[in-house]
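Numbering (the working numbering), first residue to last: 18 to 228.
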């Protein structure tokens with residue numbers, strides 16, 4: 018059983034130009050939106066809904082998801098940004114001690130869920146071809162599958178990990194932010210549950226239903 022334990026210390030992205038890096042976590046978000054668009058296209062075609070409504074739905078969904086996820090993180094976990102670095106909430110830059118590109122470091126899935134519900138309500142007010150319940154009912158499918166991509170991104174980033182375990186499925190997260198000061202001594206970097214992998218299914222009953 019111990020053969021399944023391994024050290025996890027991957028590259029977090031692809032270097033593009035200078036200090037600019039395309040993070041795998043960001044790539045997972047992009048893939049989630051692309052896959053979601055194709056799924057909704059298939060649903061609209063099957064139910065004979067005009068595809069002219071699809072692109073506006075995609076735009077509303079992307080904006081609602083990202084704004085909701087970002088504000089959810091700030092309000093629930095990093096409210097100090099409001100007073101210390103306000104513009105970094107909305108821009109992928111930090112303005113403390115000069116301007117530095119950081120990307121959006123901090124997105125909350127529950128904030129995204131709230132954002133999507135509000136976004137679909139606003140979308141329905143402009144495009145009245147179906148009820149908001151109908152739209153949300155179909156949106157659950159790409160959202161549930163997209164959540165799996167995000168959890169994969171969390172795993173790559175060594176985020177939202179489980180507790181220290183002696184299970185044969187444990188992983189040593191070398192980049193665990195809570196253990197960075199102990200990286201020099203690998204014995205202190207605990208072997209932990211692959212919480213994101215479990216969460217991709219166990220915390221996503223909609224995805225379980227799809228399976």
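Every residue, glycine too, gets a C-beta built ideally from N, C-alpha and C.
For clarity, every value in this text was computed on a predicted model and none was experimentally measured.
Residue i versus residue j: straight-line alpha-carbon distance, rounded
{"i": "residue 162", "j": "residue 59", "result": "15 Å"}
{"i": "residue 192", "j": "residue 182", "result": "17 Å"}
{"i": "residue 52", "j": "residue 160", "result": "10 Å"}
{"i": "residue 39", "j": "residue 30", "result": "5 Å"}
{"i": "residue 134", "j": "residue 116", "result": "34 Å"}
{"i": "residue 108", "j": "residue 55", "result": "28 Å"}
{"i": "residue 123", "j": "residue 101", "result": "15 Å"}
{"i": "residue 150", "j": "residue 48", "result": "25 Å"}
{"i": "residue 137", "j": "residue 71", "result": "12 Å"}
{"i": "residue 178", "j": "residue 66", "result": "41 Å"}
{"i": "residue 77", "j": "residue 154", "result": "16 Å"}
{"i": "residue 146", "j": "residue 158", "result": "20 Å"}
For residue i, three-class secondary structure by DSSP
{"i": "residue 50", "result": "helix"}
{"i": "residue 145", "result": "coil"}
{"i": "residue 180", "result": "coil"}
{"i": "residue 32", "result": "strand"}
{"i": "residue 107", "result": "coil"}
{"i": "residue 121", "result": "coil"}
{"i": "residue 191", "result": "coil"}
{"i": "residue 58", "result": "helix"}
{"i": "residue 80", "result": "helix"}
{"i": "residue 26", "result": "coil"}
{"i": "residue 44", "result": "helix"}
{"i": "residue 39", "result": "strand"}
{"i": "residue 150", "result": "helix"}
{"i": "residue 172", "result": "helix"}
{"i": "residue 69", "result": "helix"}
{"i": "residue 88", "result": "helix"}
{"i": "residue 97", "result": "coil"}
{"i": "residue 136", "result": "helix"}
6 Å CB neighbourhood of residue i in its chain, flanking five on each side removed
{"i": "residue 129", "result": "82, 85, 86"}
{"i": "residue 219", "result": "Because residue 219 sits at a pLDDT of 49, beneath the cut-off of 50, its placement in the model cannot be relied upon, and the following sentence gives the value as read from the coordinates. Nothing listed; no residue qualifies."}
{"i": "residue 110", "result": "116, 118"}
{"i": "residue 96", "result": "none"}
Counted within 10 angstroms of its Cβ, other Cβ atoms place residue i as buried (16 or more) or exposed
{"i": "residue 142", "result": "exposed"}
{"i": "residue 114", "result": "exposed"}
{"i": "residue 74", "result": "buried"}
{"i": "residue 63", "result": "exposed"}
{"i": "residue 80", "result": "exposed"}
{"i": "residue 33", "result": "exposed"}
{"i": "residue 93", "result": "exposed"}
Neighbourhood of residue i by C-beta, 7 Å cutoff - its chain only, sequence neighbours within 5 removed
{"i": "residue 41", "result": "29, 30, 170, 173"}
{"i": "residue 88", "result": "128"}
{"i": "residue 131", "result": "85, 89"}
Same chain, Cβ closer than 8 Å to residue i, five either side skipped, listed in chain order
{"i": "residue 90", "result": "123, 124, 125, 128"}
{"i": "residue 68", "result": "58, 61, 62"}
{"i": "residue 152", "result": "74, 137, 140, 141"}
Beta carbon proximity, residue i to chain C, threshold 8 Å
{"i": "residue 32", "result": "In the structure shown, chain C does not exist; there is a single protein chain."}
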